[in-house]
Amino acid sequence: MRHIPVLPNEVVSNLNLKPGAKVIDCTLGDAGHSELMLEKIGPKGKLLGIDADPESLLRAKKFLDKFGKQAIFARDNFTKLKKIVEENDFENVDAILMDLGWSTPQFKERGRGFSFETDELLDMRYGSVGETAADILNQYTVADLIKIFKYYGEEKLSTEIALEIAQAR
106 MRHIPVLPNE VVSNLNLKPG AKVIDCTLGD AGHSELMLEK IGPKGKLLGI
156 DADPESLLRA KKFLDKFGKQ AIFARDNFTK LKKIVEENDF ENVDAILMDL
206 GWSTPQFKER GRGFSFETDE LLDMRYGSVG ETAADILNQY TVADLIKIFK
256 YYGEEKLSTE IALEIAQAR
């Protein structure tokens, strides 16, 4: 199942892309925006598509195969954008897009640990690198859990939740 981005035509239109442009999609996903951008920039344009999720990157490569070498792919996190741009010799770009958030396949695919619909291991990683959500919940201190829930989740009951988790370990 391909994720359909919200308002894709409006997003790409507001980038004001011209034929031959160089663009970066920092959150490639299923390449919905990238496909439209590549159509807009034409055969002389180039796109650098970045995604931390290896499954998304594989799907995107299939969807963008028809554009050949116009599309360059990088499996990494957009927080390392400067490094990615340098490694791919992709400086002086005309537009950068970040469509932050989750995509439908990430919630639907079994074994990813994102789904609310199935009982599975709590993973919640985009790939196989780094700590799982289960590791964090089982090993972090109460103070660290409170900080995560409060600052990243903006959760008002962060202390109560962290204490309940610690008690249930």
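Residues in the sequence shown are numbered consecutively from 106, following my numbering. In this text, a Cβ means the ideal position worked out from N, Cα and C, and glycines have one as well.
On the criterion of 16 or more Cβ atoms from any shown chain inside 10 Å, does residue i qualify as buried, or is it exposed?
{"i": "residue 262", "result": "exposed"}
{"i": "residue 254", "result": "buried"}
{"i": "residue 132", "result": "buried"}
{"i": "residue 109", "result": "exposed"}
{"i": "residue 231", "result": "buried"}
{"i": "residue 139", "result": "buried"}
{"i": "residue 163", "result": "exposed"}
{"i": "residue 125", "result": "exposed"}
{"i": "residue 149", "result": "exposed"}
{"i": "residue 273", "result": "exposed"}
{"i": "residue 178", "result": "buried"}
{"i": "residue 143", "result": "buried"}
{"i": "residue 151", "result": "buried"}
{"i": "residue 130", "result": "buried"}
Between residue i and residue j, what straight-line distance do the alpha-carbon atoms span, to the nearest angstrom?
{"i": "residue 190", "j": "residue 180", "result": "12 Å"}
{"i": "residue 141", "j": "residue 209", "result": "19 Å"}
{"i": "residue 113", "j": "residue 266", "result": "38 Å"}
{"i": "residue 245", "j": "residue 258", "result": "16 Å"}
{"i": "residue 268", "j": "residue 216", "result": "28 Å"}
{"i": "residue 175", "j": "residue 270", "result": "48 Å"}
{"i": "residue 161", "j": "residue 218", "result": "15 Å"}
{"i": "residue 121", "j": "residue 166", "result": "24 Å"}
{"i": "residue 201", "j": "residue 117", "result": "11 Å"}
{"i": "residue 256", "j": "residue 242", "result": "16 Å"}
{"i": "residue 187", "j": "residue 127", "result": "15 Å"}
{"i": "residue 137", "j": "residue 225", "result": "29 Å"}
{"i": "residue 198", "j": "residue 154", "result": "13 Å"}
{"i": "residue 172", "j": "residue 146", "result": "11 Å"}
{"i": "residue 264", "j": "residue 249", "result": "10 Å"}
Considering only residues of the same chain and omitting the five flanking positions on each side of residue i, which have a CB-CB separation below 6 Å?
{"i": "residue 239", "result": "227"}
{"i": "residue 157", "result": "182 and 231"}
So if DSSP puts residue i in a beta bridge, which residue, or which two residues, is it bridged to?
{"i": "residue 128", "result": "152 and 200"}
{"i": "residue 177", "result": "153"}
Would you mind reading off the limits of the beta strand (DSSP E) that contains residue i?
{"i": "residue 136", "result": "Element bounds for residue 136: n/a, residue is neither H nor E."}
With residue i as the anchor, note down where its alpha helix (DSSP H) starts and where it stops.
{"i": "residue 123", "result": "Neither: residue 123 is in no alpha helix (DSSP H) and is coded neither H nor E."}
{"i": "residue 240", "result": "238-244"}
{"i": "residue 113", "result": "113-119"}
{"i": "residue 214", "result": "Here residue 214 belongs to no alpha helix (DSSP H), and DSSP marks it neither H nor E."}
{"i": "residue 253", "result": "Unbroken run through residue 253: none, as it is neither H nor E."}
{"i": "residue 266", "result": "263-273"}
{"i": "residue 168", "result": "159-168"}
Hey, would you say the C-beta of residue i is under 6 Å away from at least one heavy atom of the ligand GTP?
{"i": "residue 239", "result": "With respect to the ligand GTP, the structure offers nothing, as it holds no ligand at all."}
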